[in-house]
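Just below is one structure, and these are the notes that go with it.
4 protein chains.
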Amino acid sequence: MTDLTLNKALKIITSALAKGKELGLKPLAVVVLDAGGHVKAVQRQDGASMLRFEIASGKAYGALAVGVGSRWLDTQAETRPHFLEGLSAVSGGKIVAVPGGVLIKDRKGAIIGAVGITGDSSDNDERAAIAGVEAAGFTPDAG
Amino acid sequence: MTDLTLNKALKIITSALAKGKELGLKPLAVVVLDAGGHVKAVQRQDGASMLRFEIASGKAYGALAVGVGSRWLDTQAETRPHFLEGLSAVSGGKIVAVPGGVLIKDRKGAIIGAVGITGDSSDNDERAAIAGVEAAGFTPDAG
Amino acid sequence: MTDLTLNKALKIITSALAKGKELGLKPLAVVVLDAGGHVKAVQRQDGASMLRFEIASGKAYGALAVGVGSRWLDTQAETRPHFLEGLSAVSGGKIVAVPGGVLIKDRKGAIIGAVGITGDSSDNDERAAIAGVEAAGFTPDAG
Amino acid sequence: MTDLTLNKALKIITSALAKGKELGLKPLAVVVLDAGGHVKAVQRQDGASMLRFEIASGKAYGALAVGVGSRWLDTQAETRPHFLEGLSAVSGGKIVAVPGGVLIKDRKGAIIGAVGITGDSSDNDERAAIAGVEAAGFTPDAG
Numbered sequence: 740m741t742d743l744t745l746n747k748a749l750k751i752i753t754s755a756l757a758k759g760k761e762l763g764l765k766p767l768a769v770v771v772l773d774a775g776g777h778v779k780a781v782q783r784q785d786g787a788s789m790l791r792f793e794i795a796s797g798k799a800y801g802a803l804a805v806g807v808g809s810r811w812l813d814t815q816a817e818t819r820p821h822f823l824e825g826l827s828a829v830s831g832g833k834i835v836a837v838p839g840g841v842l843i844k845d846r847k848g849a850i851i852g853a854v855g856i857t858g859d860s861s862d863n864d865e866r867a868a869i870a871g872v873e874a875a876g877f878t879p880d881a882g
Numbered sequence: 740m741t742d743l744t745l746n747k748a749l750k751i752i753t754s755a756l757a758k759g760k761e762l763g764l765k766p767l768a769v770v771v772l773d774a775g776g777h778v779k780a781v782q783r784q785d786g787a788s789m790l791r792f793e794i795a796s797g798k799a800y801g802a803l804a805v806g807v808g809s810r811w812l813d814t815q816a817e818t819r820p821h822f823l824e825g826l827s828a829v830s831g832g833k834i835v836a837v838p839g840g841v842l843i844k845d846r847k848g849a850i851i852g853a854v855g856i857t858g859d860s861s862d863n864d865e866r867a868a869i870a871g872v873e874a875a876g877f878t879p880d881a882g
Numbered sequence: 740m741t742d743l744t745l746n747k748a749l750k751i752i753t754s755a756l757a758k759g760k761e762l763g764l765k766p767l768a769v770v771v772l773d774a775g776g777h778v779k780a781v782q783r784q785d786g787a788s789m790l791r792f793e794i795a796s797g798k799a800y801g802a803l804a805v806g807v808g809s810r811w812l813d814t815q816a817e818t819r820p821h822f823l824e825g826l827s828a829v830s831g832g833k834i835v836a837v838p839g840g841v842l843i844k845d846r847k848g849a850i851i852g853a854v855g856i857t858g859d860s861s862d863n864d865e866r867a868a869i870a871g872v873e874a875a876g877f878t879p880d881a882g
Numbered sequence: 740m741t742d743l744t745l746n747k748a749l750k751i752i753t754s755a756l757a758k759g760k761e762l763g764l765k766p767l768a769v770v771v772l773d774a775g776g777h778v779k780a781v782q783r784q785d786g787a788s789m790l791r792f793e794i795a796s797g798k799a800y801g802a803l804a805v806g807v808g809s810r811w812l813d814t815q816a817e818t819r820p821h822f823l824e825g826l827s828a829v830s831g832g833k834i835v836a837v838p839g840g841v842l843i844k845d846r847k848g849a850i851i852g853a854v855g856i857t858g859d860s861s862d863n864d865e866r867a868a869i870a871g872v873e874a875a876g877f878t879p880d881a882g
């Protein structure tokens, strides 16, 4: 498995924020977790509200939990809400099941981490996340 | 009550994984809990995502909680969501109410443990769980 | 980083249990966590008491938390008890700071997981853990 | 009150990491919290162990909790352990009471955030934290 280095994590963040600027998005928080769900790097832009770190982290953590981008969790929450409730419970309340949590995969398809973004609409958050992962040379899985 | 030995628990796991391989399922996590809901044995296959132990455990724990396989909980969640919410709350957030949590019963019908599986669709997870319990000479109750 | 496969995790467990048998130890629980602290494989021997999974897991998790075997945490708990209390708190109560949590390192020294054992004295638990890691071809770090 | 901008937070982090490199310290995690105790920016260096974000965050949070650097909490923990236990409890378990959590003060002495560092000895962690705060043009309070 490829290691997700700090340099790569910072490249993902700065590229995602550049995409946010290009699209005219509101202030964002970007969180990069390693494959085990532990924080590697975070940047919360000026003006992004108080709990944006926790929300962004919850999207990324949810994606890692089930091995698919958080958009899939969003769909599950609508069709099988009790599954999401159970998943959230056994995670210790660490999951936010909306788009914007995107898996980071290496060339062999192994999950090496996840990026979570929040601040604008979930769809726009996800667009920035995908752009960040691609700019770092990895493959995004948005769900 | 028949004891659920470690040897029997391992037989359940390896048989369930063999069934998964036969059916071409995705990587699985298999958890065997004893009659008190405590972990007896676990195996998480390579490629199974991060929180699969917690999800599988939550299915098995839910089955033991009410004395019926977790498929029953899945139905309850649809018809009486407030019951599942209450059950989850009083369990301390330990329950995942979807199929794949199967009770292990001895010849006299006593509950001696439960197996929980996750990784593929809930229906397929349950098939592997049933196969595992039967291979060990016990009676499965899927709910 | 080398992946900690399920086969290797099982090799660690069976070798640790063989060592326990050789030394005449009480029934053990053996937990193998991956590098992110997530359960890879568990076996709790017949006669090992109710919460042995949680204790073994807490030793392994503590070792991963700080990147050194749990014997080091044991010393810290005596010399700087408030550090251990803080560490335990921010971990969400997941750490048991006594010997028996041993890091699993690959040939390059990278931490690829941890094994935790409980059931006999902490010193004996640790001996079994070290034996398990070595038998799988990895380098143990007991702290 | 001066705002702690993301640019300034990043300046603190990169300067602290530069100090760590200069001193030959082990891999570090650096967390910058705003005046409300919410994450502004984080970088965890390659090789820094699993729970380093939580530990660094706990030092910074503790400093903000009482308005003095976490070295003061370390002393309190030795002379009045029950105070630290109470403080940890009412914080929801968010505090690590050892040196390395340093307040960030503006020219008028107002607290605008805190930086927490972990990875090497607590004394060395604190040195890197102080260097980071000063490099960003602010006044450190280590306690």
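Chains as they are written, first to last, in our numbering: chain C, 740 to 882; chain U, 740 to 882; chain Y, 740 to 882; chain Z, 740 to 882. Every residue gets a Cβ at the ideal spot worked out from N, C-alpha and C, and that includes glycine.
Asked	Found
Contact set between residue 848 of chain Y and chain C, taken where Cβ atoms lie within less than 7 Å	Those do not exist, as residue 848 of chain Y stays about 13 Å from chain C at its closest Cβ, beyond 7 Å.
Coil, strand or helix - residue 747 of chain U by DSSP	helix
Residue 763 of chain Y, buried or exposed, once every other Cβ within 10 Å from all chains shown has been counted against 16	exposed
Under 8 Å between C-beta atoms of residue 755 of chain Y and residue 870 of chain Y	yes
Beta-carbon neighbours of residue 792 of chain Z, restricted to chain C and to distances below 9 Å	777, 778, 779 and 781
Residue(s) in a DSSP beta bridge with residue 835 of chain U	Looking at the DSSP assignment, residue 835 of chain U forms no beta bridge with any residue, so it has no partner.
Sequence ranges, beta strand (DSSP E) only - wholly within the stretch 784-854 of chain Y, length at least 3	840-844
Bounding residues of the beta strand (DSSP E) (the contiguous stretch that carries residue 773 of chain Y)	768-773
Touch test, the stretch 860-876 of chain U against the stretch 835-843 of chain Y, Cβ-Cβ under 8 Å, three pairs minimum	no
Residues bridged to residue 880 of chain C [DSSP beta-bridge criterion]	C:842
Sequence-distant residues of its chain with Cβ nearer than 7 Å to residue 808 of chain Z (five each side left out)	802, 840, 841, 842, 880, 881 and 882
Spatial distance of residue 883 of chain U from residue 831 of chain C (CA atoms)	The question about residue 883 of chain U has no answer, for chain U in this structure spans 740 to 882.
Candidates U:849, U:822, U:818 and U:868, of which the one nearest residue 775 of chain U by Cα	U:849
Spatial distance of residue 790 of chain C from residue 760 of chain Y (CA atoms)	51 Å
According to DSSP, residues forming a beta bridge with residue 780 of chain Y	U:782 and Y:771
Cut-off 8 Å between Cβ atoms - residues of its own chain near residue 813 of chain U, not counting five sequence neighbours on either side	836, 837, 838, 861 and 882
Among Y:858, Y:748, Y:742 and Y:851, nearest to residue 806 of chain Y - alpha-carbon criterion	Y:851
For residue 857 of chain Z, three-class secondary structure by DSSP	strand
Within-8 Å CB hit, residue 823 of chain U to chain C	yes
Short CB-CB distance (under 8 Å) between residue 835 of chain U and chain C	yes
Exposure of residue 798 of chain U, with buried meaning 16 or more beta-carbon neighbours within 10 Å	buried
Residue-chain proximity (residue 840 of chain Y, chain C), Cβ-Cβ < 8 Å	no
Residue 854 of chain Y vs residue 769 of chain Y beta-carbon contact at 8 Å	yes
Option nearest residue 804 of chain Z by Cα separation, candidates Z:773, Z:857, Z:846 and Z:864	Z:773
Three-state class that DSSP yields for residue 753 of chain U in the structure shown	helix
Through-space distance from residue 829 of chain Y to residue 753 of chain C, alpha-carbon basis	29 Å
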